[in-house]
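> Got a structure here, written out as structure tokens. Questions coming.
There are 4 protein chains.
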Amino acid sequence: MDRKLKVGIIGAGRIGRVHTLSLKNFVPEVEIKAVSDICFDAAQKLAEQNRIPYAYKDYKKILLDPEIDAVLVCSSTDTHAQISIEAAEAGKHIFCEKPIDLNVDKVKSVLEAVNKANVKLQVGFNRRFDHDFKKIKELIDSGELGELHIVKITSRDPEPPSPEYVKVSGGMFLDMSIHDFDMARYLTDGEVKEIYVAADCRIDPAIGEVGDVDTAVITLRMEDGTICVIDNSRQAVYGYDQRIEVFGSKGQAEVQNDTPSTASWSTAEGVFKEKPKYFFLERYMDSFADEMKSFVDVVINDKEPPVTGVDGLVTIEIGLAAKKSHEEGRPIKL
Amino acid sequence: MDRKLKVGIIGAGRIGRVHTLSLKNFVPEVEIKAVSDICFDAAQKLAEQNRIPYAYKDYKKILLDPEIDAVLVCSSTDTHAQISIEAAEAGKHIFCEKPIDLNVDKVKSVLEAVNKANVKLQVGFNRRFDHDFKKIKELIDSGELGELHIVKITSRDPEPPSPEYVKVSGGMFLDMSIHDFDMARYLTDGEVKEIYVAADCRIDPAIGEVGDVDTAVITLRMEDGTICVIDNSRQAVYGYDQRIEVFGSKGQAEVQNDTPSTASWSTAEGVFKEKPKYFFLERYMDSFADEMKSFVDVVINDKEPPVTGVDGLVTIEIGLAAKKSHEEGRPIKL
Amino acid sequence: MDRKLKVGIIGAGRIGRVHTLSLKNFVPEVEIKAVSDICFDAAQKLAEQNRIPYAYKDYKKILLDPEIDAVLVCSSTDTHAQISIEAAEAGKHIFCEKPIDLNVDKVKSVLEAVNKANVKLQVGFNRRFDHDFKKIKELIDSGELGELHIVKITSRDPEPPSPEYVKVSGGMFLDMSIHDFDMARYLTDGEVKEIYVAADCRIDPAIGEVGDVDTAVITLRMEDGTICVIDNSRQAVYGYDQRIEVFGSKGQAEVQNDTPSTASWSTAEGVFKEKPKYFFLERYMDSFADEMKSFVDVVINDKEPPVTGVDGLVTIEIGLAAKKSHEEGRPIKL
Amino acid sequence: MDRKLKVGIIGAGRIGRVHTLSLKNFVPEVEIKAVSDICFDAAQKLAEQNRIPYAYKDYKKILLDPEIDAVLVCSSTDTHAQISIEAAEAGKHIFCEKPIDLNVDKVKSVLEAVNKANVKLQVGFNRRFDHDFKKIKELIDSGELGELHIVKITSRDPEPPSPEYVKVSGGMFLDMSIHDFDMARYLTDGEVKEIYVAADCRIDPAIGEVGDVDTAVITLRMEDGTICVIDNSRQAVYGYDQRIEVFGSKGQAEVQNDTPSTASWSTAEGVFKEKPKYFFLERYMDSFADEMKSFVDVVINDKEPPVTGVDGLVTIEIGLAAKKSHEEGRPIKL
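Chains as they are written, first to last, in our numbering: chain U, 276 to 609; chain F, 276 to 609; chain V, 276 to 609; chain X, 276 to 609.
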């Protein structure tokens, strides 16, 4: 490719800003040509701070720009599907934040549009690019751990979302656990055949009032016999707790939380260590950059996306089965 | 008590020897007067090595000795109940290895006999006396972790049992997981209301052929809302893996495996640490000593046993529910 | 400051490239206008890769450019002093890599020129900006550790330099230990009053043949009574070993090596962890970025440099005293 | 040996009690026949608690008992030499607590008496039997670390001794550092050729007033070129700090402090770990038992003691050289 890849950012909120910085600082092959946000001020501000030539209120202006090769869909969740379909129809490659949509049929429509237009679609499961989890994956793939028997994923947020957010987000399984479903599929390289959920509202009654849970232990039986267990909490008061352990016929591997420093200190009061990095922006910042590098590499070098539309679809299906398991108090087959 | 407590050991196998050494080395208040084993040679050898005055083939001789205050039932599992009942009827205090019996009714008979005779009965869940798990319990009891939400117990053996042993032991849930059921009850100070098992035979097909599993993830919903999750394997090739993590509204606590030393070393090949202590005799040796101190204290000072007959009964009930959940593929209420 | 700070890079070698990338990616207040290198190709290549408008063979062209506010002196060590003096005379603010010079008088000339011209001079002791060591410093400054009694610095390279490099670098004390002398002064906020060196050539006889050592334990007695001990090796086969421990009247603090991931894994062969990040570029990459941010902040906001010319001078004096102690086999007062 | 080894304990203070319990609980080949103490009550109490047949005020009664094979010299330091000489003359094998004496000539007299009588003499450097330090030694001896270059010993007490004790103990180098001198010789399997001490009184001025120090960094140059560095403090407020690191041409090894449990816990306030075991009785309890097993094995099986009289002598010489180095401010050759 002789010229730089031209990219448009749709949605100038938190994750849009993160991807903008990643592209600007770490992906020299890219030029961000335009940014849009229904809140035009946000688009304009992001454009100014990053010397992006164009800022729009309407994302369609980005789609109409023939120079733009690819778009990042970072708008609110309920707009992901519609924008992605239009982007595909406009012949743009697409990086779409997770979830594509909470409705399986809508997600399937996106996949169809993408297939028809023959554009790339990569979904925003950034944790696959995390240095710690990649190391676990490497150890599995090397065969050093043998056949996988058990996978344990701990995923706890530092603070609960507002009940308002809970309502629009699809609930904990589709908003939070979905990352862990993706991780289970990624690590085992296989599909879930059955799911069982033990969950409750233990932290914030307001979350229960809008019909959601905040604490869960989720058992996934994979097709190859691996048993995955995910434990989720919306509030780990000590910070963002993101750990994984895998156990196989030849060994075990685990990763701990990343911390701001390796310091430990001892006084008459006790022995202390650093708390985990606070939340996903701190913990996963490097993975966001690697995710962008990956997407740009996919587009420029015509590669298969490492996180596909199918990954986006299947995780939604698992999330919906999780809800059902919780509601009916029994394991659900997929 | 002016004189020493006189104790008889019934069963001179591995665990009988462990308790004999613990009593001899660490419990000066005790005198072991006799040991019995259906294999008389084993009894005689243990007696000689430890200057125990009497060795018998028949345990009834111990029960008939009016000087003996208490017995340790360390014989094979299928004799625990009968011997315990006779011991109670003979007015002996009883320390009985786990499980009391695999049959709930038989266990209940033991409890009735014990109650009727008004003797002490302590059951051999030694892990309650482990320094690491006691620390976890202290942290919970101190309130520092707030209300418990999630308890995670990892319990993996270094090598699988023989299929012959599997057949008589009652299977993994009643032989191995039973320790974890006790730990869940101990840590949460509550009862299981529902259990769900995802289990399989992944390690040794011979175990599957005799109808048992060797790999399991078990979800326990406790009456107070805590969710406990146990992961079991019959073969962790790196050694005995015994860890616990608890998570609550105010914090989290965890313990790692004990190792022979704190050494780590680094070469061109990598960075290395010690493997876990090999198996239960290495890992739990101190807990066995504390268990004996506890039992002797219970008898001498007329205290409530820290592990009661009810603890022995309920864990059997959980184990049987685990089997049922595995067989029927659904959660089982208790 | 309305406009961006305009900077020239003198020296397009490894460290020149590192600083160029740091400025470009992380310091938006800066515009790199020109780069020079006596190897013009290197200058040109760096300019092209980073869209730097001008590339020169002769650094004087940078000094003559009235638009350029500040220069980074990243050329070979023996040119640092001369270029810095000329840069000061040209009214440029200066970031100078360590060491300013191996000759104390020359360093003093630089300091005089800088003072006379009233420009900023910051010296390249990047480790002060390392996240781990900053945490140690914060713990000291917070008073949590009380009065400092002992400081221990481990600083070991992964592989020895070539004997050619050893000859021009001033030897281990002035090339490698100098970072540790700076760290000792930084952490204790004080001056060395006496130094004692136990050193030898253990790794590469060729290093001994050119009159240098490769293994050392250096004791520094600080004016306030703190005793610092540095251990240096030119070859830690497991990687770059950079750790610090401080011990005071109220407690202790330490940092471990940074690793590529937090993974540990266990197999039948043992328990493994990651090796340290390989060398200074991997380990200290973030500190280089923070160093640049700091320098730009110093210039733009007219602040006192956090690493001054005096820091550059005193560490050279300590390095020369270290050589003398080694040669004479006795402690040397400063 | 058909019968048990008969042992007499001379000195019923703290360390006498420790050895008594070790022998009783862990060394079945031994029978403790008598105990003596100039405070007869202490002897009598220890005898009663441990069913030792005889208690004396005068140690000579032990030496006169022809049945007694070996004695443990656990009396006050200033009596070690005299009692050991008499014990040798009485044909008893000797375990003598460290130091044998603070006077080199007296120590030599003991060694002569022992040689002449052809009895065993083992000196009480218990740390050689510590599980952690033995692991370090094993790693060195296996060759896995290559040639040793640097050995670092951290040895810090939890609280300073009384000035009264300091006066009679010979000072920090002969009382406390002596263990570390022994460890340096043990790990490197070699002799010190030069010592340099940087020391001060930083903790308790009363210690300085009686002419001693409480904080030190000691550099030992070994004959084989290894450089050992010991850091000592009389007061680590967080507990007994006993760590070792060794560094060689092929790798590095280190051990951390032992802790009461492996627990770590995290709350909103921070991440916590256990403090080190409090002091030498807690930390080194297992090593005391292994030390006794070793001594009894030496006597029964006519082996070379693992810690000889020469080890006792040489460490005193190093301690005296340490004092001289501190007083004269220069390295001292041995």
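Backbone N, C-alpha and C define an ideal beta-carbon position, used for all residues, glycine too.
Are the C-beta atoms of Lys279 of chain F and some chain X residue less than 8 angstroms apart?
No, no contact with chain X.
> Tell me which residues share the same chain as Leu377 of chain V and place their Cβ nearer than 6 angstroms to its Cβ, disregarding the 5 neighbours each side in the sequence.
Hits under 6 angstroms: Gly445 and Leu449.
> If you measure between the beta carbons of Ala318 of chain V and Leu338 of chain V, is that distance less than 8 angstroms?
Contact: no.
> In three-state DSSP terms, what is Gly286 of chain X?
Of the three classes helix, strand and coil, the one that applies to Gly286 of chain X here is coil, per DSSP.
> Can you pull the chain F neighbours of Ser524 of chain U, defined as C-beta to C-beta under 9 angstroms?
Within chain F, the residues near Ser524 of chain U are Arg477, Ile478, Gln510 and Val512.
> Residues of chain U with CB closer than 7 angstroms to the CB of Arg496 of chain F, please, in chain order.
Ordered by position in chain U, the residues that pass the 7 angstroms Cβ test against Arg496 of chain F are Ala473.
> In its own chain, which residues sit with a C-beta less than 6 angstroms from the C-beta of Ile607 of chain F, not counting the 5 before and 5 after it?
Ile470, Ala596, Lys599 and Ser600.
> Between the region 324-335 of chain U and the region 384-391 of chain U, can you find at least three pairs of beta-carbon atoms closer than 8 angstroms?
These segments do not touch.
> Taking Cβ-Cβ distances shorter than 8 angstroms, what residues in chain V pair up with Ile425 of chain X?
Result: Thr490, Val492, Asp506 and Ser508.
> Looking at chain U, which residues of the region 289-306 of chain F have a Cβ within less than 7 angstroms of any of its Cβ atoms?
If the cut-off is 7 angstroms between Cβ atoms, the region 289-306 of chain F has nothing near chain U.
> Under 7 angstroms between beta-carbons, which chain F residues line up against Gly545 of chain V? List them in chain order, please.
Chain F residues near Gly545 of chain V: Phe547 and Lys550.
> Look at the Cβ atom of Asp499 of chain U, then the Cβ atom of Thr463 of chain U, and state whether they are nearer than 8 angstroms.
Closer than 8 angstroms, so yes.
> Is Asp380 of chain F closer than 8 angstroms to Thr590 of chain F when the C-beta atoms are compared?
Not closer than 8 angstroms, so no.
> Below 8 angstroms between beta carbons: does that hold for Arg558 of chain U and Lys552 of chain U?
Yes; because the gap between Cβ atoms is below 8 angstroms, this pair is in contact.
> Report yes if the C-beta distance between Ile411 of chain U and Ala481 of chain V is below 8 angstroms; otherwise report no.
The answer is no: Cβ separation not under 8 angstroms.
> Just to confirm, are Ser562 of chain V and Asn507 of chain V a CB contact at a threshold of 8 angstroms?
Contact flag unset, no.
> Would you report the Cα separation of Gly366 of chain V and Leu396 of chain V, rounded to the nearest angstrom?
Approximately 11 angstroms between the Cα atoms of the pair.
> Mind checking whether the beta-carbon of Val305 of chain X lies closer than 7 angstroms to any heavy atom of the ligand SAM?
No copy of the ligand SAM appears in this structure; indeed no ligand is present at all.
> I'd like to know whether the C-beta atoms of Pro436 of chain X and Arg509 of chain X end up nearer to each other than 8 angstroms.
Contact: yes.
> Hey, Met567 of chain X and Val348 of chain X: beta-carbon distance below 8 angstroms or not?
Not closer than 8 angstroms, so no.
> Would Leu298 of chain V and Val310 of chain V be called neighbours here (beta carbons separated by less than 8 angstroms)?
No.
> Are the beta-carbon atoms belonging to Val305 of chain X and Val571 of chain X less than 8 angstroms from one another?
The answer is yes: Cβ separation under 8 angstroms.
> Since Ile415 of chain V contacts Val385 of chain V with CB under 8 angstroms, what's their CB separation in whole angstroms?
Rounded, the Cβ-Cβ distance is 30 angstroms, inconsistent with contact.
> Using the beta-carbon count (16 or more within 10 Å), is Glu529 of chain U buried or exposed?
Glu529 of chain U is buried by the Cβ-count criterion.
> From this set, U:Gly291, U:Phe315, U:Arg292 and U:Ile369, which residue's C-alpha is nearest Gly579 of chain U's C-alpha?
One detail in the question is off: residue 579 of chain U reads as Glu in this sequence, not Gly. Measuring from the Cα of Glu579 of chain U, the nearest candidate turns out to be U:Ile369.
> CB Lys383 of chain X to CB Leu609 of chain X, shorter than 8 angstroms?
Against a cut-off of 8 angstroms, the Cβ pair of Leu609 of chain X and Lys383 of chain X comes out as no contact.
> Hey, does Val379 of chain U have any beta-carbon neighbour from chain V nearer than 8 angstroms?
Not closer than 8 angstroms to any Cβ of chain V, the Cβ of Val379 of chain U fails to qualify, so no.
> With a threshold of 7 angstroms on Cβ separation, who are the neighbours of Met276 of chain V within its own chain once the five nearest residues in sequence on each side are excluded?
Interpretation of Met276 of chain V is limited by its pLDDT of 47, a score under 50 that renders its predicted location unreliable; the figure taken from the coordinates is listed afterwards. Contacts found: Ile575.
> Residue ranges of each beta strand (DSSP E) run of no fewer than 3 residues wholly in the region 511-591 of chain F, ordered along the chain?
Entirely contained in the region 511-591 of chain F, the beta strand (DSSP E) runs reaching 3 residues are, in chain order, 516-523, 526-530, 539-542 and 545-548.
> Using a Cβ-Cβ cut-off of 8 angstroms, state whether Leu449 of chain V counts as contacting chain U.
Taking Cβ atoms only, chain U never reaches closer than 8 angstroms to Leu449 of chain V, which makes this a no.
> Residues in the same chain with beta-carbon distance under 7 angstroms from Glu419 of chain X, minus the five sequence neighbours each way, listed in chain order, please.
Within the same chain, Glu419 of chain X has close Cβ partners Lys525 and Gly526.
> Secondary structure at Ala365 of chain F, three-state DSSP: helix, strand or coil?
In this structure, Ala365 of chain F counts as coil in the three-state DSSP scheme.
> Starting from Tyr331 of chain U, trace the alpha helix (DSSP H) both ways and give me its first and last residue.
Element bounds for Tyr331 of chain U: not the alpha helix (DSSP H) but the beta strand (DSSP E), Tyr329 to Tyr331.
> On the premise that Met447 of chain U lies in contact with Asp489 of chain U, defined as a C-beta separation below 8 angstroms, what is that separation, rounded to the nearest angstrom?
Contact flag correct, Cβ pair sits at about 7 angstroms.
> Could you list which residues in chain U have their beta carbon closer than 7 angstroms to that of Gly604 of chain F, in chain order?
Within 7 angstroms Cβ-Cβ: Pro606.
> At a Cβ threshold of 8 angstroms, is Ala322 of chain X touching chain F?
Chain F contact via Cβ: absent.
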